[in-house]
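**Student:**
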Amino acid sequence: MALIEIENMSYYYPEKKEPALWQLNTAIQAGEFVLVAGKSGSGKSTLLQLMNRLIPDFHGGRIAGEIRYKGAALQLWQSRDLYQEMGMVFQNPDAQLLFGDVERDIAFGLENLGISAELMRRRIAEVIELLNLRNIQQQNVSTLSGGEKQKVALAGVLAMYPTVLLLDEATAHLDPVSAAEFLALLKRLQETQGFTIIMAEQCLHQCLPLVDRVLLMDQGMILFDGTPRELTEWMVHRSYPLCPVLPDVFASAGYQQRPLTVLEGRQVLAEYEWNARRPQPEYKKSPARSRRIENWLKVDKVSYTYPDGKKALQRVTFSVEKGEIIGVVGSNGAGKSTLLNLLMGVLQPQSGRIAYPREIQPFPAASGIAYLPQQLEDYFVADTLWEDLQLSQQEKPEYLYKLAERFSLSAFLQQDPRSLSAGEQQRAALACLFAAEPPLLLLDEPVQGMDEEQKQNFGQQLQCLVEEQGTAAILVSHDMDFVTEYTDRVIFLYQGKVMAQGPVTEVMASNVFYRSQVGLLFRGFDDDVHTRRAAIHHLKELKTCKSTGAFYPPSS
């Protein structure tokens, strides 16, 4: 008997005529690591919340069909027992950590279960050892990095001894290194502790090598159910837009191999690259977009220290040219969001200065600057998305309709934007920003919650806006693939200092870990290759060279 059985399950949100989930049938075995993938708004989060009965207990709605857990219908379980059996870790750890104290936050779930103080202390000690949290157990949560916060949230769930771990895009706020560490930790928990793990995620390339099985959702239905390798073959043959970059570029170049990891891809390259000194295939890079005004905005030796003594930024210097996109990268806590707050004028430099052009007035006037925060809870103020768009732009309704179409929002114009999925809200907020046609865009993690197709669409729209209107954009992102594909220059921050800045391909070529998937694949083979287009071109050339025998040494 399967641990979780789902039969003919459909679900309608309150006051909705169209189902969020439709006729789902699947079963999950004890000890499985299952990835729930799919486009933004496909029903991934809804499915997870149905499994532990957050839906309908807290969100209402109508359900048809049945979910059984350990052989018993879900509605027969006591809420207290079910929440203990199925622990959930959410996308934003700050929403799950309420007290600011590591041990107290771990204890919160145990307190709700009425666990004795002695047993509580023992369980807290166990999970601190299990997750290696000794170095931070006495710290205030606000001082932790994003990865550390997510581990504390996970510890609070594990302390309740669940059988099943449900994770709803739990790596969305983590930098690439922290995300990889967190996912490796989940795999270790599966293998050493026997947890059943069900994880909804957008970032397929990091997850597929770790999971046993994938449920691919689309429009509330299960489109595919199988192994990660079966999924990549399925996606390649159907040109499905969510295909991870590595199998996609190899397939597009005509290869039979479908590498899931950088290691597998490099092993394929090694079969072709017999000699690092051999002539490299020519590849014409895309010309940089035209520049309009140099040193349009200047940040000169800016430093900022928080009241608790933490140095957020130290002598940061760079300039912004009108008509360019700048990516700001670095680990959690590197100072990226602080930099955006300084550029807005919400914070003031304690040394150094920011020189603004005439068309920009920083906070409190906040004229000429459009800002997208990481958290969108309070971003929307109107009752419908159309009204929110009109707050940004009232004189060009045809432009608003065009934006809605570009961001796949036409069907949601009369809906409350707060009722949309996380990815849909992200696109809606970006459309509102674009509607204002600002001289300067400041974007904090703009592609979080987006699927690959939506990232590509947003990147192209951003480039068009910058090119057509002469706007400048500064975006903070953990998504190295997106930064590499769609920015002109990149600034790499580490502990508040600028460690590198320059054209994106030059900075990425000098990085070891902070690279796109393509950059990691070609590291040491050709450090000028960082984008999908360049990778496909290079792989085609290599295939041609091998088939013709070009560049190969004569046989002895």
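For any residue, its number in our numbering is found by taking its place in the sequence shown, counting from 1, and adding 109. Cβ atoms here follow ideal geometry from the backbone N, Cα and C, with glycine treated the same way. All values derive from a computational prediction rather than experimental measurement.
(1) In whole angstroms, what separates the C-alpha of PRO285 from that of LEU222?
(2) By the DSSP assignment, the alpha helix (DSSP H) with LEU448 in it spans what residues?
(3) Kindly indicate the opening and closing residues of the beta strand (DSSP E) around MET326.
(4) Go through its chain and collect everything with a Cβ distance to PHE591's Cβ below 7 Å, but skip five positions before and after it.
(5) Please list, in chain order, all residues of the same chain as PHE667 whose beta carbon is under 8 Å from its beta carbon, the five residues on each side excluded.
(6) Rounded to whole angstroms, what is the Cα-Cα separation between LEU283 and HIS587?
(7) Given a threshold of 16 other Cβ atoms within 10 Å of its Cβ, counted over all protein chains shown, does TYR349 qualify as buried or as exposed?
(8) How many Å lie between LEU456 and GLN259 at the Cα?
(9) For VAL621, is the classification buried or exposed, using 16 other Cβ atoms within 10 angstroms of its Cβ as the cut-off for buried?
(10) Thinking just about the alpha-carbon of each residue, which of SER528, VAL438, GLN138 is nearest to the one in THR272?
(11) So, with DSSP's three-state summary, where would you put LEU485?
(12) Flag this pair as yes or no: are the beta carbons of MET195 and LEU275 separated by less than 8 Å?
(13) For ARG598 and ILE435, what's the separation of their Cα atoms in angstroms?
(14) Could you tell me which residues DSSP pairs with MET195 in its beta bridges?
(15) Output the distance between the C-alpha atoms of ARG387 and ARG641, rounded to the nearest integer angstrom.
(16) Identify whether ASN244 lies in helix, strand or coil by the three-state DSSP scheme.
(17) Kindly identify the DSSP beta-bridge partner or partners of TYR364.
(18) On the CB-based measure, 16 or more other CB atoms within 10 Å of its CB, does SER149 come out buried or exposed?
(19) Could you round the C-beta distance between ILE307 and LEU157 to whole angstroms and report it? I think they count as a contact, below 8 Å.
(20) In angstroms with no decimal places, state the Cα-to-Cα distance between GLN246 and ALA609.
(21) Leaving aside the five residues before and after TYR392 along the sequence, list all residues of the same chain whose C-beta is less than 7 Å from its C-beta, in chain order.
(22) Checking contacts by CB at 8 Å: is ARG624 closer than that to chain C?
(23) For GLU127 and GLN311, what's the separation of their Cα atoms in angstroms?
(24) Given a cut-off of 8 Å on the beta-carbon distance, is the pair ALA309 and LYS153 in contact?
(25) Kindly indicate which three-state DSSP category ALA111 falls into: helix, strand or coil?
(26) Rounding to the nearest angstrom, what Cα-Cα distance links GLU577 and GLY256 in this structure?
(27) Mind checking who PRO612 pairs with in its DSSP beta bridge?
(28) Output the boundary residues of the beta strand (DSSP E) element that contains ILE469.
(29) From SER361 to HIS346, what distance separates their C-alpha atoms?
(30) Report the CB separation of GLU430 from GLU403 in whole angstroms; it is logged as a contact under 8 Å.
(31) Looking at the structure shown, is TYR623 part of a helix, part of a strand, or coil, going by DSSP?
(32) Who are the near neighbours of ILE113 in its chain, counting only those whose CB is closer than 6 Å to its CB and skipping five residues on each side?
(33) Across which residues does DSSP place VAL490 in a beta bridge pair?
(34) Within its chain, find whatever has a CB closer than 8 Å to the CB of SER530; leave out the 5 residues flanking it on each side and keep chain order.
(35) In the structure shown, what three-state DSSP assignment does TRP186 receive?
(36) Whole angstroms is fine: what's the gap from ALA659's alpha carbon to ALA204's?
**Tutor:** Working from what's here:
(1) 35 Å
(2) 445-453
(3) 322-327
(4) VAL556, LYS564, GLY568
(5) Residue 667 is absent from the model: the chain starts at 110 and stops at 665.
(6) 7 Å
(7) buried
(8) 27 Å
(9) exposed
(10) GLN138
(11) coil
(12) yes
(13) 5 Å
(14) VAL273
(15) Here the model assigns ARG387 a pLDDT of 46, short of 50, so the residue's position is not dependable, and the following value carries that caveat. Straight-line Cα distance between these residues: approximately 22 Å.
(16) helix
(17) Answer is none; TYR364 lacks a bridge partner.
(18) buried
(19) 7 Å
(20) 33 Å
(21) Its pLDDT being 45, under 50, TYR392 is placed unreliably in this model, and the coordinates cannot settle the point.
(22) Going by chain labels, chain C is absent from the structure shown, which holds only one protein chain.
(23) 24 Å
(24) yes
(25) coil
(26) 38 Å
(27) ARG598
(28) Where ILE469 is concerned, there is no enclosing beta strand (DSSP E), given that its DSSP letter is neither H nor E.
(29) 11 Å
(30) 5 Å
(31) coil
(32) ILE137, TYR178
(33) DSSP lists no partner for VAL490.
(34) SER149, GLY150, SER154, GLY558
(35) coil
(36) Its pLDDT being 46, under 50, ALA659 is placed unreliably in this model, and the coordinates cannot settle the point.
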